[in-house]
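Student: For the sequence shown, my numbering begins at -5 and goes up steadily by one.
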Amino acid sequence: MRILLDTANLDDIRYFNTYYPIEGVTTNPTILSKEGGDPIVQLKAIRQIIGEDKELHVQVTETEFEKIIEEARLLVDCLGINTFVKIPVTDVGLRVTKYLSDRNIGVTVTAVLTAAQAMLASNAGASYVAPYISRSENLCADGVGTVSDIAKIFNVSGTDTQILAASFKTAKEVLDVAVEGCHSATIGSGIMKMLLSHTTTDTSILGFERDWKEAFGDTTLLKLLKNK
Ligand code: E4P
């Protein structure tokens, strides 16, 4: 499953873009509000860090059809071709999705809570649908099950729309949607670290270090190789 970073923090993006195989960055108005400053300057800085080939998903802030279209076009002009315009799944959102998709502007339909919404977004031509996992599970709904349903619906229809799961609170949720056939997930830096770390990995490494030291002292394989 492809992984994107769900943040506008430049330090995090710089770090993970260098050392982890991320496919791009997603933002929303809340995420941008946390960084402060000028959001356009921030988005341009993100684009500069990730380069022109990776995906940058940016949510619109306008709410009327014509204005969303104008905002979307200017966003892509400003941030490059691999920019996906995030549109909330509403009536006007679906109309905008159809309009922009017909004109080859990539749309990520966001704030998706049900498979029905995802199906309508796909039919409108969305490149991605972004189902919210933890916001769903917080309301005792089955966020992971929703991804599973969307995957089944998309498989049957043969749509090109991809699932970009979002809103995660645990690493297990990320793994669960991967198992259900999710194409991509966008996660924060905390979850990224949780996906990697395991206490048994840490204790195993400590054990290897202890055993090596007991047998060979301060020497290392590198030192031995250099002395050959
Ligand atoms: C994607 O970019 C979504 O907007 C984001 O993952 C929502 O996450 P939250 O529910 O943690 O705010």
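Virtual Cβ for every residue (Gly too), placed ideally from N, Cα, C.
Nearest to Val90 by alpha carbon, out of Ala120, Asp32, Ala135, Glu167?
Tutor: As a first step, residue 90 must be located in the sequence shown, where it is residue number 96. Closest option to Val90, Cα to Cα, is Ala120.
Student: Quick check on Asp47: does DSSP put it in helix, strand or coil?
Tutor: As a first step, residue 47 is located in the sequence shown; it is residue number 53 there, counting from the start. Per DSSP, reduced to three states, the secondary structure at Asp47 is coil, with no helix or strand assignment.
Student: For the beta strand (DSSP E) containing Leu133, name the first residue and the last one.
Tutor: Residue mapping note: residue 133 aligns to position 139 of the sequence shown, counting from 1. If you look at Leu133, you'll find it isn't in any beta strand (DSSP E); DSSP assigns it neither H nor E.
Student: What does the Cβ neighbour count give for Gly211, buried or exposed, with the cut at 16 atoms within 10 Å?
Tutor: Within the sequence shown, residue 211 is the residue found at index 217, counting from 1. Gly211 comes out exposed.
Student: What three-state label does DSSP hand Ser161 in the structure shown?
Tutor: The residue labelled residue 161 in the question sits at position 167 within the sequence shown. Assigned with DSSP and collapsed to three states, Ser161 falls in coil, not helix or strand.
Student: Measuring alpha carbon to alpha carbon, tell me which residue in Thr77, Tyr126, Val150 is nearest Thr140.
Tutor: The sequence position of residue 140 within the sequence shown is 146, counting from 1. For the residues Thr77, Tyr126, Val150, the minimum Cα distance to Thr140 belongs to Tyr126.
Student: By how many angstroms is the C-alpha of Ile44 removed from the C-alpha of Thr12?
Tutor: Within the sequence shown, residue 12 is the residue found at index 18, counting from 1. Within the sequence shown, residue 44 is the residue found at index 50, counting from 1. Answer to the nearest angstrom: the Cα atoms are 9 Å apart.
Student: Would you say the beta carbon of Arg129 comes nearer than 6 Å to a heavy atom of the ligand E4P?
Tutor: Stepping through the sequence shown from its first residue, residue 129 is reached at position 135. Arg129 Cβ: within cutoff of the ligand E4P.
Student: Give the straight-line distance between the Cα atoms of Asp154 and Ser128, rounded to the nearest whole angstrom.
Tutor: Against the sequence shown, residue 154 aligns to sequence position 160. Against the sequence shown, residue 128 aligns to sequence position 134. The straight-line gap from Cα to Cα measures roughly 25 Å.
Student: Are the segment 199 to 208 and the segment 6 to 21 touching by the rule of at least three beta carbon pairs closer than 8 Å?
Tutor: Because the criterion of three Cβ pairs below 8 Å is not met, the segment 199 to 208 and the segment 6 to 21 do not touch.
Student: Should Ala120 be counted as a contact of the ligand E4P given a C-beta to heavy atom distance under 6 Å?
Tutor: Residue numbering aside, residue 120 sits at position 126 when the sequence shown is read from its first letter. Ala120 Cβ: outside cutoff for every heavy atom of the ligand E4P.
Student: Start and end of the alpha helix (DSSP H) containing Lys187?
Tutor: Start at 1 with the first residue of the sequence shown, and residue 187 comes out as number 193. First-last of the alpha helix (DSSP H) with Lys187: 183 to 190.
Student: Under 7 Å Cβ to Cβ from Lys48, same chain only, skipping five residues before and after it: list those, please.
Tutor: Stepping through the sequence shown from its first residue, residue 48 is reached at position 54. Counting only Cβ-Cβ distances below 7 Å, and skipping sequence neighbours, we find Glu17, Gly18, Asn76.
Student: Expressed to the nearest angstrom, what Euclidean distance is found between the alpha-carbon atoms of Thr1 and Lys217?
Tutor: Walking along the sequence shown from the start, residue 1 turns up at place 7. Walking along the sequence shown from the start, residue 217 turns up at place 223. Cα to Cα, Thr1 sits roughly 41 Å from Lys217.
Student: Buried or exposed for Val173, going by 16 or more other Cβ atoms inside 10 Å?
Tutor: Numbered from 1 along the sequence shown, position 179 holds the residue referred to as residue 173. The residue in question, Val173, is exposed, as its Cβ has fewer than 16 Cβ neighbours within 10 Å.
Student: Within 10 angstroms of its Cβ, does Lys80 collect 16 or more other Cβ (buried), or is it exposed?
Tutor: Counted from its first residue, the sequence shown places residue 80 at position 86. So Lys80 ends up on the buried side.
Student: Can you name, in chain order, every residue of its own chain whose Cβ lies under 7 Å from the Cβ of Gly182, other than the five neighbours on each side?
Tutor: Counted from its first residue, the sequence shown places residue 182 at position 188. Excluding residues within five positions, the ones whose Cβ falls inside 7 Å are Asp0, Thr1.
Student: Thr180 and Leu(-2): beta carbons closer than 7 Å?
Tutor: As a working mapping, residue 180 is identified with position 186 in the sequence shown. As a working mapping, residue -2 is identified with position 4 in the sequence shown. For the pair Thr180 and Leu(-2), the CB atoms are nearer than the 7 Å cut-off.
Student: If I measure Cβ to Cβ from Asn3 and keep anything under 8 Å in the same chain, skipping five residues before and after, which residues do I get?
Tutor: Indexing the sequence shown from 1 puts residue 3 at position 9. Cβ neighbours of Asn3 beyond the five flanking positions: Lys28, Glu29, Ser183.
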